[in-house]
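Student:
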Amino acid sequence: SGSNDNAIPADLPLRNDLLGEEPYGAPQLDVPVCLNVNENPYPPTHAVVRSIEKRVREAAKDLNRYPDREHMELRQAFVDYLAKESGAKLTTDMVWGANGSNEIMLQLFQAFGGPGRTALGCDPTYSMYPEYARDTFTQWRIVPRKEDFTLDLDRTLEAIRDLEPAMVLLTSPNNPTGTPLPMEQLERILEACQDARVAGAAEGTRPVVVVDEAYIEFRDPGVPSATTLVGTYGNLAVSRTMSKAFAFAGARVGYLAASAGIIDCMRIVRMPYHLSAVTQAAALAGFDNTAEQLSQVAHLRETRNETAAWLREQTYRGIPLQVAPSQSNFLMFGGHFDDRGLIFDEMLKRGVLIRVVGPEGWLRVCMGTDEEMKVFRKALTESLRAAE
Ligand code: PMP
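If you want the UniProt record's numbering, it's the 1-based position in the sequence shown plus 1.
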């Protein structure tokens, strides 16, 4: 697994724009402490596992039939959860599920991107966005973030005016930096999009603003979610996932909160029966036990805050490490690692897998169990000295 060897036979007519491309993905290495792909380190609780067994057993009896294409029971569960978690007032025609938020994002690009269309993002950000753009023949354009990784609002508004994108992609908290997007900035962008134009689309259309909230449950209490604005803005689409807070990455369940109009666009591009009956059953089991399932989120938030404080006390070549303020379950740290690959390798030697991602000089680590974080601290202390 994890091999990126590109041995595509020369006589296969792979699309011209895909020649030389490699499959995307972090290495899946067999390492004792894996802190590289922002998973939840705590597995689903016994209660959730029991619910999955029960619901999947029921679903198994009907596997000769196609599943509910509209996954209505699950959509009701999304509505109920978002009401409880974020105070969002939604109805089942305003939510939509797919195989991970990866598929949600791809469906958004399939519906609103395409030849002649532009999608705008704010770099550094999630490295899959340019791939969705490539796969849907959408032009990918970026506005750099500020030095502290917050959004450069002026330049973003300028780019919306100049580039006339069909989609504006915002990530809150952002990956790999952990930076939240303040609601005031989001509202400024939404307002600017009300009278923005979309190149390659009919007169009178306006950009769709996508907020990727994959890690939103890890934000500090009281911080609002963009899902509360979905009822106000018909062009706002907020993507969520069960992969992180729900510890459900292996189940592949993501979902979208948006206007009924946007959901109808999703229904045009989705594969028929894209969400299997087994997936729907497992997801419902996750929502059966929300409180228990999410009990580790608060602890991971504490782990993040403690780890950030500890990292700021460490030094490399006599200079304290920087830590990007994070509202997520991961931290981007360093800032002055002149050879970050070296530190990554030293960590790997000590059985800890982190991630080389983001701007030069930085590394990213996601929060593990208490035990794993102890190993991480010891390994990093040694690795920093070894790499100096
Ligand atoms: N958005 C962001 C910002 C992510 O970091 C990830 C996962 N790494 C995803 C979306 C996709 O997650 P999933 O498909 O598991 O929901």
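Where a beta carbon is used, it is the ideal one built from N, C-alpha and C, also for glycine.
With a threshold of 7 Å, establish whether the CB of Ala250 neighbours any heavy atom of the ligand PMP.
Tutor: yes
Student: Check whether the Cβ atoms of Ala238 and Leu91 sit closer than 8 Å, and answer yes or no.
Tutor: It is not a contact, given that the beta carbons lie outside the stated cut-off.
Student: Enumerate in chain order the residues of its own chain whose CB-to-CB distance from Gly3 is below 6 Å, with the five nearest sequence positions on each side excluded.
Tutor: Residue confidence for Gly3 is low, a pLDDT of 42 falling below 50, so the modelled location carries little weight; the figure read from the coordinates is stated next. For Gly3, where only same-chain residues beyond five positions count, the Cβ hits under 6 Å are Pro28 and Gln29.
Student: What is the rounded straight-line gap between the Cα of Asp221 and the Cα of Arg302?
Tutor: 8 Å
Student: Could you give the distance in angstroms between the alpha-carbon of Thr178 and the alpha-carbon of Glu71?
Tutor: 35 Å
Student: Can you tell me whether Gln297 is buried or exposed, with buried defined as 16 or more other CB within 10 angstroms of its CB?
Tutor: buried
Student: Which word fits Pro208, buried or exposed, when buried means at least 16 other C-beta atoms lie within 10 angstroms of its C-beta?
Tutor: buried
Student: Can you list, in chain order, the residues of its chain with a C-beta nearer than 6 Å to that of Ala197? Leave out the 5 residues immediately preceding and following it.
Tutor: Ile161, Arg207 and Pro208
Student: With 16 as the cutoff for other CB atoms within 10 Å, does Lys62 come out buried or exposed?
Tutor: With fewer than 16 Cβ atoms within 10 Å of its Cβ, Lys62 is classed as exposed.
Student: Can you tell which of Ala387, Met333 and Tyr256 has its C-alpha closest to the C-alpha of Leu83?
Tutor: Tyr256
Student: So Val32 is in the alpha helix (DSSP H); what residue range does that whole segment cover?
Tutor: Element bounds for Val32: n/a, residue is neither H nor E.
Student: Which residue from Glu165, Glu148 and Thr229 puts its Cα closest to that of Met184?
Tutor: Thr229
Student: Please write down, chain order preserved, every residue whose beta carbon lies under 6 Å from a heavy atom of the ligand PMP.
Tutor: Asn39, Gly101, Ser102, Asn103, Tyr127, Thr172, Asn176, Asp213, Ala215, Thr242, Ser244, Ala250 and Gly255
Student: Have a look at Lys245 and Leu332 and give me their C-alpha separation to the nearest angstrom.
Tutor: 15 Å
Student: When DSSP labels each residue in this structure, what does Ala380 get in the three-state scheme?
Tutor: helix
Student: Please state if the CB of Gln140 and the CB of Arg156 are separated by a distance shorter than 8 Å.
Tutor: no
Student: Measure the Cβ-Cβ separation of Thr180 and Phe150 and say whether it is below 8 Å.
Tutor: yes
Student: Under the three-state reduction of DSSP, which class applies to Met272: helix, strand or coil?
Tutor: coil
Student: What runs of the alpha helix (DSSP H), each 4 residues or longer, lie entirely inside the region 291–342?
Tutor: 291–294 and 296–313
Student: From the DSSP output, in three-state form, read off Ser240 for me.
Tutor: Strand, per DSSP.
Student: Restricting to Cα atoms, I'd like to know which of Ala325, Arg351, Ala286 and His300 is closest to Val49.
Tutor: Ala286
Student: Please state whether the Cβ-Cβ distance between Val169 and Leu121 is less than 8 Å.
Tutor: yes
Student: So within the region 123–159, which uninterrupted beta strand (DSSP E) runs reach at least 3 residues, ignoring any that extend past its ends?
Tutor: Counting only runs of 3+ residues, the beta strand (DSSP E) found wholly inside the region 123–159 occupies 140–145, in chain order.
Student: Pull up the CB-CB distance for Ala89 and Val231, whole angstroms please, since I reckon it's below 8 Å.
Tutor: Contact between Ala89 and Val231 holds, since their C-beta atoms are separated by about 6 Å, short of 8 Å.
Student: Is Gly255 helix, strand or coil by DSSP?
Tutor: strand
Student: Can you find the residues in the same chain that come closer than 7 Å, C-beta to C-beta, to Lys55, ignoring five residues on each side of it along the sequence?
Tutor: none
Student: Taking C-beta to C-beta, are Val353 and Phe334 nearer than 8 Å?
Tutor: no
Student: Buried or exposed for Met272, please, with buried defined as at least 16 other CB atoms from any protein chain shown within 10 angstroms of its CB.
Tutor: exposed
Student: Pull up the distance between the alpha-carbon of Ala283 and that of Val212, whole angstroms please.
Tutor: 25 Å
Student: May I ask you to report which of helix, strand or coil DSSP gives Asp213?
Tutor: strand
Student: Helix or strand or just coil, what does DSSP make of residue 424?
Tutor: The shown model of the chain, from 2 to 389, leaves out residue 424, and the question about it has no answer.
Student: Tell me whether Asn5 sits in a helix, a strand or coil according to DSSP, three-state version.
Tutor: Caution applies to Asn5, whose pLDDT of 46 falls short of 50 and renders its modelled position unreliable; the model cannot decide the point.
Student: Can you give me the start and stop residues for the beta strand (DSSP E) that Ala99 sits inside?
Tutor: Val96 to Ala99
Student: So Asn236 and Val210 are supposed to be a Cβ contact under 8 Å. How far apart are they, rounded?
Tutor: 6 Å
Student: Could you give the C-beta distance for Val199 and Glu165, rounded to a whole number, given that I count them as a contact under 8 Å?
Tutor: 6 Å
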